[in-house]
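In what follows, a structure is listed as C-alpha cells, so that the remarks can point back to it.
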Amino acid sequence: MRHPEEPGDEGSRRGLRVVGLWLALGWLGFAALPWNAIGGPGFTAFQWLATWPLDVRTAPAAVQLFKHGRLWFMPLAVALALPLLVFRTRMQDRTASRVLIGSGLLGLVTLIAIAFAIDITGWTWRPLAEIFGELPRRQPGLGYGALAVAAAALMALCHGLALRGWAKGDAFVAGAIGASIALVGLFTLYPISRLFLRVLLDRDGNVSLAALQARFAGSRIWERGGVVWNTLQLGLMTAVAATVLALCFALIVARTELPARRFVRVLSVLPMITPPFVVGLALIMLFGRAGAVNAVLEHAFGIVPTRWIYGLPGVWLAQTLALTPVAYLVLVGVVEGISPTLEEAAQTLRASRLRTFATVTLPLMAPGLANAFLIVFIESLADFGNPLLLGGNLEVLSVAIYFAIVGVQQDPGRAAALAIVLLALSLTLFVIQRRLLARRGFVTISGRSENANRLLLPRAVTGVALGLALPWAVLALIIYAMIFAGGFFEKWGLDRALTLRHYVTAFGVDVVNGSVLWTGGAWSSFFTSLTIAAVSAPLTAAFGLLIAYLLGRQQFAGKGAFEFLTMLPFALPGTVVGISYILAFNAPPIELAYTGIILVACFVFRDMTTSLRAGLASLTQIDPSLDEASATMRAGSFETLRRVVLPLMRPAIVAALVYSFISAMTSISAVIFLTSPRFDMATVNIVGRAEVGEYGYATAYASVLIVLMVLAVLLIRVLVGTRDLGQRQPAVAG
Amino acid sequence: MRTGRWMGRFLAGFAGVLGLFAGIAPAAAQEVTVLCNFEVDWCEALKTTYERTTGQKAVFIRRTDGESLAQIRAERSNPRADIYHAAESASAKQLAAEGLLEAYKSPYMAELHDWAQRIAEENKYFQTPIYTGVLGFGYNTELLAKKKLPEPKCWKDLANPAYKDEIQMANPGSSGTAFNTVSTILQLMGEDAGFKFLAAMNKNVNQYTRSGTAGIRAAGKGETTIGIAFLHDSVAQTAQGYPIKTVAPCEGTGYEIISSAIIKGAPNPEGARKWMDFVLSPAGQNVAITVNKFQIPSNKNAQTHPMAPKASEVKLIKLDLDKYGSKEGREYLLSRWENEVFKAPK
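This is how it looks when you write it as C-alpha cells:
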C-alpha cells in the first residue's frame, strides 16, 4: 500500500495485484458460475451441477453467449478482458487508470442494463425482442455469476479511480467506499425509491400530480394534534428522557464507585433485549385500568381506575423504557473515553468538582449525547409496536403508514407520502446535529500517556443521577419480574396456579428411538431467529464500523451524500422497509423473497446505522495523529485500521455487535412482510400467540429469548474484550 | 498483501453466508403455500390435519387480511403463495377484479349451505366461503356490575350516555371488522340515521382500536366494559375464562363472509385445489372445534361448536355486502365516518 501523500510505483503495482484477484473472480463468475439464480433446491445442494454448464438455465454467461447466441453478454467479456492489458504492458498509471475506469464502467452499465431489460416475462422493451429474439417465459433473476462479475467490475473501477488519486490514492479505501456505496445503493436506495415513486401514482396506478398534492397538503396530517405533530412531540419527549436517563446510568457506571454498578450494566440492557410487544403488555398489566397499580390504588384510596396509559403517556413510557439502553450503549463508551487529563487540568486551575463537570466533562460528551439523542429520536419515530399496543387514539406516522398499506383503503401512495414526511423529520434532526457538532474538537484519546486519575462525579451530580436512575431501575425490575412470572402461571390475570405447561408447549423435546424430536411450537422460529441474528450481527457491525472509519477518517468526494445515504434505512419504520423489499426483491432481476438472505439484508442495512453512529462517536475521541503515526511507520490504511483504530474502538464494537444481534432478535415491524414458511421469526410467533390470548406461551417464549440474549451479550463482551487506556483507577475511598 | 488477504477472507465469508441461505432457498413447489389469515393456532391445526388426511405437504404464513392483500398485490408479477385463506369476501372480490385470483369450483360445492353456494356463484367461483360470523358485542359482566350499568341488549343502547368512555370498537379505516360494523349499522338504520347514531355512540367510545378483535380482548381483561366484535370472538373470550357475556343485538345485525381463494399463477395449482377441497370438506371445517373457534361453517355436514351462537337467537338483517365494497364506496363511507363521527365533538 502506498503512503497517502506520495504516489509510488510499488504501491500501484501492489494495487494491481489486488485487481488481478478480483478479475480472476470476475472471470470465474463469467465463465464458470451459473449466471442466473438457481431456483429449486439451491446452490449448495449441487443439483444444478447435473445440467451445468450447457443447459441455458444453469449456464454461465460465457456459455450463454457462445452456445445460445445471447449477444448481450459480449460487452461483459470486453469489460473483463480489457483490464488484462494493464498486466501485459508496463503501462503508465494514468493510462492504466483510464483502462480500469473504462472497463469497470462498461461492465457495471452492461450489467444494470441487462438486469432491467429482462424481467420475469422476458424483454421489458419490445424492440429488444426483435433484435435479440424472444426469451422463454419465467426468466430467473441474477445469480452468483452476475454477482462475481459485478464485484470484479466495481473493484476495477475503484482501483482505477484510486490510481487517479481519489480517496488519496488509497486502493483499500477506494475499494471499501465503492463496495459500501454499491451495497447501500442496492439494498437501500433501490428498494426505497421503488416505493417512493408510488407517491406519484394515484390509486388507479396513473401518474397524477393532483394525488401528489392531496397527499402532502392534506390538512389532517399537519394540523395541531395531527399525525405529524403527535409524532414530533413523542419523538422529542422520548429522546430527551432516554438521553438523560442513559447519561445518568453511564455516569454511575463510569464515574462512581457505587457497588450497584455491575447491576446497572446488566439491568440497563434488559428492556432492549425484550421483544417490544412484551414490555407493552407488561405495562398494561401494571398500569392498565385493570392493572396491579390501579387495583392497589383503588383498594387503598378509592381512586377510580382510569385509562391514562393508553395514549401519549403510555407510548412515551414504553419507548423510554425500550430506548434508554440504546442511548446508554452509545454513551457509555464516550463517557469512559473522556480523558481525565483535561479535568485534572481544570482542577489544577482551582475549579470545583461541580464546575469541572459542568464546563469540561459535560461539553466533552456532546458528540455522544447528540448521537444518542439522534438515534433515540429516529427510533421513536420508526417504532411501531408500542404505539400500536398502547397508543389509544394517538395517531403517529409509523402506524398511519402501516395502515395506509394494509388498512381498509389500501393506498401505497399515501404510505409513501407519509414515509417521506417521516424521513424528512429524521433527516432534519440529523442535519441540525451535524451543524451543531461541526468544527469542534472532542479528541480525548491521544498518544500521550495518561497519567491522571479517573475523576469521580461531584456528589450533587451523583445524587441527581441516582435519583433519576433508581426509580427507573426499580420499574424495569418489576416489569421483568412480571414477564418471567407470566410464563409460569396457568392463565395470566385469571388462574394463578403454577405450571410448566407453557414451557412444554413452546420448548418441548421428545426423544424417540435415540433421535431428538423438537416437538415444541417455538423451536422452528427460535432457531431461525437465532441463525439470522447470528449471521447478521457480525456483518452489521463490520459494515457499520467500516463505514464509520471511512466517514470519520477518510476524505473523499461525495462524502456528505454518502453519509446521508447511510441514514435512510434506519430513519424509516420497519414496515416501510419491509414492503419496499418485497416490491424490489420479489421478482427478477433480484429474487430474494422467501429466503433468509432478504431477512439478513434487511437487518444489516437497517441496523448498520447504529453501529456506524457508535463507531463515529468513538472515533471523534481518538486523536488522528495516532493514525498518522502508524502511517509514518509505513503501515497501510488497512493495517492502521486493524492494529490501531479497532482496538481503541472496542466499546463501539461491543455496542455494534450487541445492538445488531438484539435488534435482529427482537424486531417485528420490518419482518412482517419478509417472513416466509421456512423463515418464521420468533417475534412474529410471540405476537401471534399473544393475539389469541396465550400470554403464558408468549411470556415463556419471551423469557427464553431474554435469557438467551443476556448470554449472547456476555459472550460478545468476553470475545471482544475491553480497551486499556492506561488510565489509573482512582484510589478506593476509605 | 494485507488488503488482498482481507478481501479474500471477506469474500469467503460472504460466499459461505450466501451458500448457507441459498441452500434453503425456495424449493420447487411440492407443498402448498398458504397465506393464512386465521389466528395462528387455527392455522397450525389446519396444516397438521391437512397433512394427515391428504398426505400432502402444506406450509403457511400467518398474516392479517390486510397484510395478505398487500402481499398478494406486491407479488403480482411473481406469486409465491398458492392460497389466500380466510379472506374477507370483499377483499377477495377486489383481488378477483384485479385479475389476481384463479376461479375454482370444488366438488364439495354441493355440500355447502345455500348462502355459501350463492356467494361462490356470484363471485364466479373466484372465492368460496368457508364460514360466516355474526356481528354484535360483548361486555365484561364484573365491570358492568361494579359500575352498576344497565345490560346493553340493542345497538341503540350503546348510545346511552351511561356508558360514557366504556365502549371500544375498531377503526373502520384499519379494520375490516369495524368497516363491516359501520356498513351494517348504516344498512340497518338508514345512512343518515346510522351516522347520527354512530356520532352519539362516539361519546361513549374510549378508543378506536386498530385491530378488529382488540376491543373484545380489552373487555375480557377489564380494560374496557363493552367491546364491539363478532360473536365468535366474544364467545372465545368466555371460553378462555374471561367474564364476557355475548350479545346479539335486538334490532338484528349483519355478518361477515370469510372465503378461501386460489392465487393466480400459484406455483402449485394442483396443491392449491387440494387445499380448497380440504377446507370446504367437513374434515377441514371440523378443525375449528378442536381449537375452540365458534364460527358458523359453510359445509352443511360440518359440526358447529356447542358454545357457538345459535342461529335461532340471532336476527340477521338483509345485508348487501358489496354496498360499500368498491373503492369509491369505501372512500365515501370512511370520509363521512371521519367527518361526522370521529371528529365530532365529544
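As given, the protein sequences belong to chains Y and G, one line each in that order.
According to our numbering, the first sequence holds residues 1 to 734 in order.
According to our numbering, the second sequence holds residues 735 to 1080 in order.
Backbone N, C-alpha and C fix where the C-beta goes; we use that ideal spot for every residue, glycine too.
One Cα belongs to Ile598 (chain Y), the other to Leu834 (chain G), and the distance between them is close to 24 Å. Neighbours of Asn940 (chain G) in chain Y, taken as residues at a C-beta separation under 7 Å, are given in chain order as Arg307.
Here Asn36 (chain Y) has Pro140, Gly143 as same chain residues with Cβ atoms under 6 Å from its own Cβ, once five neighbours each way along the sequence are excluded.
Looking at G:Trp1009, G:Pro813, G:Arg796, G:Ile997, the one whose alpha-carbon comes closest to that of Lys827 (chain G) is G:Ile997. Taking one beta carbon from each stretch, the segment 884–896 of chain G and the segment 1005–1024 of chain G have fewer than 3 pairs nearer than 8 Å; the two do not touch.
For Thr862 (chain G), the uninterrupted beta strand (DSSP E) segment begins and ends at 862–874. Contact of Phe403 (chain Y) with chain G is assigned, a C-beta pair being separated by under 8 Å.
Beta-bridge analysis with DSSP links Val768 (chain G) to G:Phe794, G:Ile817. When C-beta distances to chain Y are compared with 9 Å, the residues of the segment 763–780 of chain G below that value are Glu765, Thr767, Val768, Glu773, Val774, Asp775, Trp776, Cys777, Glu778, in chain order.
Neighbours of Gly1063 (chain G) in chain Y, taken as residues whose beta carbon is under 7 Å from its own, are absent, since the nearest beta carbon is some 10 Å off. Ser667 (chain Y) and Pro259 (chain Y) have their alpha carbons spaced roughly 33 Å apart. In the structure shown, Met649 (chain Y) adopts coil according to DSSP, grouped into three states. Per the coordinates, the alpha-carbon of Ile1030 (chain G) lies some 16 Å from the alpha-carbon of Met843 (chain G). For Leu1050 (chain G), same chain residues with a beta-carbon under 8 Å away, outside a window of 5 residues either side, are Val868, Gly986, Thr987, Gly988, Tyr989 in chain order. For the C-beta of Thr675 (chain Y), the chain G residues within less than 8 Å are, from N- to C-terminus, Ile795. When rounded, the separation of the alpha-carbon atoms in Thr58 (chain Y) and Ser103 (chain Y) is 26 Å. For Tyr989 (chain G), the secondary structure class from DSSP, reduced to helix, strand or coil, is strand. Here Tyr310 (chain Y) carries a coil assignment [DSSP, helix/strand/coil]. Distance check between Ile118 (chain Y) and each of Y:Gly302, Y:Pro589, Y:Ile662 places Y:Pro589 closest, using alpha-carbon atoms only.
In this structure, the beta-carbon distance from Phe287 (chain Y) to Ile303 (chain Y) does not fall below 8 Å. Under the DSSP assignment, Ala963 (chain G) falls outside any alpha helix (DSSP H), being part of the beta strand (DSSP E) whose first and last residues are 960–964. Remark: C-beta atoms of Val604 (chain Y) and Ser536 (chain Y) approach each other more closely than 8 Å.
Interface annotation, Gln139 (chain Y): not in contact with chain G, CB-CB separation never under 8 Å. Collapsing the DSSP output to three states places Ala32 (chain Y) in coil. In chain order, Gln941 make up the part of chain G whose C-beta sits under 7 Å from the C-beta of Tyr310 (chain Y). Fewer than three Cβ pairs drawn from the segment 261–275 of chain Y and the segment 899–919 of chain G lie within less than 8 Å of each other, which leaves the two stretches out of contact. Judged by beta-carbon spacing, Val326 (chain Y) lies within the 8 Å limit of Ile375 (chain Y), meaning their Cβ atoms are closer than that value. Within the segment 497–564 of chain Y, the complete alpha helix (DSSP H) segments of 4 residues or longer fall at 501–507, 523–553, listed in chain order. Between the alpha carbons of Ser515 (chain Y) and Phe526 (chain Y) lies a distance of about 20 Å. For Phe489 (chain Y), the enclosing beta strand (DSSP E) starts and ends at 489–491. Judged by their CB atoms, Glu885 (chain G) and Leu877 (chain G) are not nearer to each other than the 8 Å cut-off. For the C-beta of Glu855 (chain G), not a single chain Y residue is nearer than 7 Å; the gap to the nearest is close to 26 Å. By a beta-carbon distance limit of 8 Å, Val173 (chain Y) does not contact Ser625 (chain Y). Their separation comes to about 19 Å. DSSP places Thr58 (chain Y) in no alpha helix (DSSP H); its state is neither H nor E. Contact residues of the segment 796–812 of chain G toward chain Y are Arg796, Thr798, Gly800, Glu801, Leu803, Ala804, Gln805, Ala808, Glu809, Ser811, Asn812 (C-beta to C-beta distance below 7 Å). Around the C-beta of Arg496 (chain Y), fewer than 16 other C-beta atoms lie within 10 Å, and the residue is accordingly described as exposed.
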